[in-house]
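Structure first, commentary second.
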Amino acid sequence: MKLLGTQWRVAAIAGLLAVGLTSAPRRPYSPRERAFFADDPTVQFVRPGLVIKINSAQIAADGTITTVYTITDPQGLPLDSSGVTTPGTISLSFVAAVLPNDQDHYTSYTTRPTTGTVLGSTQQAGADSGGISTPAAHGQYQYTFHTRAPSNIDPTATHTIGIYGSRNLTIFNLGTNYASATFNFVPNGAAVTNTHDIIKTTSCNACHDQLSAHGGSRRGIELCVLCHTPQTSDPNTGATMDAKVLFHKIHMGKNLPSVQAGTPYIPAINQFGSFDFSKVAYPADPGDPRRCETCHSQTTGATHATAYLLHPTRAACSSCHDDVNFATGANHPGGPQSDDTQCATCHIPQGEIDFDASIKGAHVAPTASSLLSGLVVNITKVANGTAGSLPVVSFTVQDGSANPVPLSKLASISFTMAGPTSDYGYTTFGNATTPGYVTESAAQASCDASSNCTYTFTRSVPANATGTYAIGVEARRSETVLAGTDKQQAIQYGAKNQVKYFSVDGSPVAPRRAVVAVSNCNQCHVALSLHGALRNNTEYCVLCHNPSNSDVARRTSAADKAVPPQGINFNLLVHRIHFGINMEASKRSYVVVGFGGTHNDFSQTLFPALSPSGAATDTRNCALCHVNDSELNLPLGLNPVVDPQGPINPILPIASACTGCHVDIPTASHALSNTSMLGESCTVCHRSGAEFAVDKVHAQ
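Under the working numbering, think of the first position of the sequence shown as 681, with each following residue one higher.
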């Protein structure tokens, strides 16, 4: 009877939806969603996805809070929360909070009592419990909160309803769909004029991909701030869960003064574990958390994007500067502060110079200082760049205002040559010991008074070279700013790496394929810069980080020589760095020995992208970095990749890219078993459109 009942339900649903579904658009889904790859009958029947829209809300005289909401699929078809007339049961939770007219944070009406080892009894903001949801129309419901608003509410203050939920479609192999929504209203019926619109979720998503937490159903900063209020503390640590404190501290991570002094930042301990954010490294280069504008962006349209400039508070400031004691005045030049009324007196939005006490001035990343003159090196021409010849590079050196800069003012300037662009690596340039490329200092180049310079390589293009080769430039300078003041500091920064392509045999110039874009990198890194501010362009990085290169040249100590070198080909390096802490499951690590014998261990890197379940370090959205569908267009290279510490060495290019993240032995064995003397057979199953295509297996 149960089986027959299930069959009847499926048939009834199919009949009910048939008319509406046959005319529906085929794909309102992105390639990163499982639904994009599902078969047509399943998609047309299930209509995956979940959209929550809050239609209205009100608070009655007795404090009863009600809200009317609609749940639909992405195309607007109403959904049945019970999963009877439409596929997938839907679970929803409800939050109600007030934004007092004289405050910049919410107070939640919906709370729950908690107890812990530090706080014996406390109330935490959270979802309502015990309310009643009743159908109002197809796909529309009214929810009556169990929690009642206090009798003394301010009817002129903005109130907000938050709803978050999930739709379970695992039976259709379509995972769980999540959604959140918020709705602002004023109980007396007036228009909403005061909102908590300080940071847009789009700012968060630049790094986090899809801001979500607590299992994935809580999505968007607009929902987060309803519960992460000053009224909420963790009972087992006593730490506040207030958004302006918690979020600042999380992003400061290892840079927190308290962490650097030896106290880990563990704001919460509960049944899910201990949440230690002490190893978080803010990704804005070079790990500089002073770049407030990456979150507090004024280009996203947030109504109160400048709130952090106009209304500094002790709570917000001491969240990062947690060695400041405002009660005693310790580590605060302004002395003790009993309230926030005087903060804006000294900490104005922006002063006259960088690095002053103004909010913008105090948070200037040194390499972004307006006091720097700037450095621009342009390669204008490559001459004599034929096989067996010594290339002659013509270039200019200028500051940010196009004024000439003598080479003597630079800390260094060098040119790197590599080729062919079909795939770098393995090429030998004369007596150069570096594999696949050569780098030469141009400090002694010939220049005129306008800094028009020429440099002739001492090593030639290989005599047997064919196709297109590349020459790139790196340069840096050091400037002292605010000399003679207590803010004096020397700042070292680099010019943007430029790469010039040239034909060595008369064939058409063919630039190296574009796999990633620096603009994508800078969504998180803001201003990608490595190796002492010298390298900042992925187009240049690949000249050295090529398939034949490893860190063997940096392994000079006996201990380092006793361990096999580490491969540093760009696709291997970048995948391993971003995969980071996920390697723990396979008991692997990725340690690169750098200049001066430094050990760079990327095994604990936390990739900030979040999965649908809210878990961090989700590397499945390849398009965050890749361009031109390069992750789909296999093969990714031509040359075998040196990987002395890997299970396969050398490893062919497709397997190298994939095992950069899939570091386990079964995957390596799979790759090896599908490789013969003829090459890799990966494209049979993993090419675009194949059964196990890269985008399909990475869909979430």
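Glycine included, C-beta positions come from ideal geometry on N, C-alpha and C. Computed from a prediction, not measured in an experiment: that's the story for all the values here.
Same chain, Cβ closer than 6 Å to residue i, five either side skipped, listed in chain order
{"i": "A1370", "result": "none"}
{"i": "V1179", "result": "A1150, G1152, E1219 and Y1220"}
{"i": "R706", "result": "Here R706 scores only 45 on pLDDT, less than 50, and its place in the model should not be relied on; the value that follows carries that caveat. Result list for R706: empty, nothing under 6 Å."}
{"i": "V1077", "result": "V1057, V1085 and S1131"}
{"i": "R1192", "result": "T1101"}
{"i": "T1363", "result": "L1314"}
{"i": "E1360", "result": "L1332 and I1334"}
{"i": "S1368", "result": "L1312"}
{"i": "G1009", "result": "G1015 and P1016"}
{"i": "P1244", "result": "P1324 and Q1325"}
Contact set for residue i: own chain, Cβ-Cβ below 7 Å, skip 5 residues either direction
{"i": "L1223", "result": "T1096, A1098, Y1104, Y1117, A1150 and G1152"}
{"i": "N1064", "result": "L1070, P1071 and V1072"}
{"i": "V1377", "result": "none"}
{"i": "A807", "result": "S773, F774, V775 and T790"}
{"i": "H1366", "result": "L1314, F1372, A1373 and V1374"}
{"i": "F716", "result": "R707, Y709, S710 and A1379"}
{"i": "G1068", "result": "S1140, V1141 and A1143"}
{"i": "H1350", "result": "none"}
{"i": "T752", "result": "V731, P758, L759 and G819"}
{"i": "D1020", "result": "T993 and R994"}
Paired residues, beta bridge with residue i - DSSP
{"i": "N857", "result": "R847"}
{"i": "M1263", "result": "None, per the DSSP bridge assignment."}
{"i": "Y1149", "result": "F1182"}
{"i": "I1248", "result": "In the DSSP output, where bridge partners are listed per residue, I1248 has none listed."}
{"i": "A1335", "result": "Answer by DSSP bridge pairing: none, since A1335 is not bridged."}
{"i": "S892", "result": "R899"}
{"i": "K733", "result": "T750"}
Pick from the options that is closest to residue i, judged by C-alpha positions
{"i": "V1056", "options": "P1086, P1029, V1072 and A1067", "result": "P1086"}
{"i": "P963", "options": "N1202, V905, D742 and H839", "result": "N1202"}
{"i": "T1138", "options": "A1145, S1121 and G1147", "result": "S1121"}
{"i": "G1080", "options": "R1157, Q1017, F1006 and D1036", "result": "R1157"}
{"i": "Y1173", "options": "Q1246, E1154, H785 and T1107", "result": "E1154"}
{"i": "L779", "options": "A948, V1322 and L906", "result": "L906"}
{"i": "D784", "options": "N853, A996 and G981", "result": "A996"}
{"i": "H1325", "options": "E1360, S1269, G1317 and A1351", "result": "Before going on, a small fix: residue 1325 reads as Gln here, not His. If we check each option's Cα against that of Q1325, S1269 comes out closest."}
{"i": "N1229", "options": "L926, M1357, L1252 and A1082", "result": "L1252"}
{"i": "S999", "options": "H931, V726 and S1336", "result": "H931"}
{"i": "K1241", "options": "G1277, M1263, L1214 and L1210", "result": "G1277"}
{"i": "K880", "options": "H984, N1249 and A1170", "result": "H984"}
{"i": "L926", "options": "A948, I841 and T838", "result": "A948"}
{"i": "N1262", "options": "R1215, V1343 and A1239", "result": "V1343"}
Contacting residues, own chain, Cβ-Cβ under 8 Å from residue i (five flanking each side not counted)
{"i": "A1024", "result": "L990, H991 and P992"}
{"i": "D1298", "result": "D889, F1287, A1289, L1290, S1291 and Q1380"}
{"i": "A1048", "result": "R971 and A1207"}
{"i": "N1301", "result": "R712, D889, A1289, H1378 and Q1380"}
{"i": "A886", "result": "T974, Q1203 and C1204"}
{"i": "N1216", "result": "G1174, K1176, N1177, V1198, A1207, L1208, S1209 and L1210"}
{"i": "Y988", "result": "I878, C972, H976, A996 and I1039"}
{"i": "I1257", "result": "Y1270, F1282 and T1285"}
Beta carbon of residue i nearer than 8 Å to that of residue j
{"i": "V1307", "j": "N1200", "result": "yes"}
{"i": "P1227", "j": "P1320", "result": "yes"}
{"i": "D1034", "j": "S1018", "result": "no"}
{"i": "G967", "j": "L799", "result": "no"}
{"i": "T787", "j": "A777", "result": "yes"}
{"i": "F1182", "j": "T1146", "result": "no"}
{"i": "G855", "j": "S897", "result": "no"}
{"i": "V939", "j": "S958", "result": "yes"}
{"i": "I734", "j": "T747", "result": "yes"}
{"i": "G1041", "j": "G1031", "result": "yes"}
{"i": "L1358", "j": "A1337", "result": "no"}
{"i": "A859", "j": "L730", "result": "yes"}
{"i": "I739", "j": "H839", "result": "yes"}
{"i": "G1340", "j": "F1282", "result": "no"}
{"i": "T802", "j": "P915", "result": "yes"}
{"i": "R847", "j": "N832", "result": "no"}
{"i": "L1052", "j": "V1189", "result": "no"}
Closer than 8 Å to chain C by CB, residue i
{"i": "Q803", "result": "Going by chain labels, chain C is absent from the structure shown, which holds only one protein chain."}
Curious, which full-length beta strand (DSSP E) runs of at least 3 residues does the region 897 to 939 contain?
The DSSP assignment places no complete run of the beta strand (DSSP E) inside the region 897 to 939 (cut-off: 3 residues).
For a minimum of 3 consecutive residues, which ranges assigned as the beta strand (DSSP E) are wholly contained in the region 937 to 966?
Those beta strand (DSSP E) runs which fall completely within the region 937 to 966 and span 3+ residues are 948 to 950 and 953 to 955.
Considering only residues of the region 758 to 826, which uninterrupted beta strand (DSSP E) runs meet the minimum length of 3 residues and lie entirely inside it, listed in chain order?
For the region 758 to 826, whole beta strand (DSSP E) runs of length 3 or above, ordered along the chain, are 770 to 779, 791 to 794, 802 to 805 and 812 to 817.
Quick one: which unbroken alpha helix (DSSP H) runs of 4-plus residues sit fully inside the region 1001 to 1065? Chain order, please.
The qualifying runs are 1023 to 1026 and 1039 to 1042.
Which ranges does the beta strand (DSSP E) cover as unbroken runs of at least 3 residues, wholly within the region 1267 to 1302, from first to last along the chain?
When DSSP assignments are scanned along the region 1267 to 1302, the uninterrupted stretches of beta strand (DSSP E) that are 3 or more residues long and fall wholly within it turn out to be 1271 to 1273 and 1279 to 1281.
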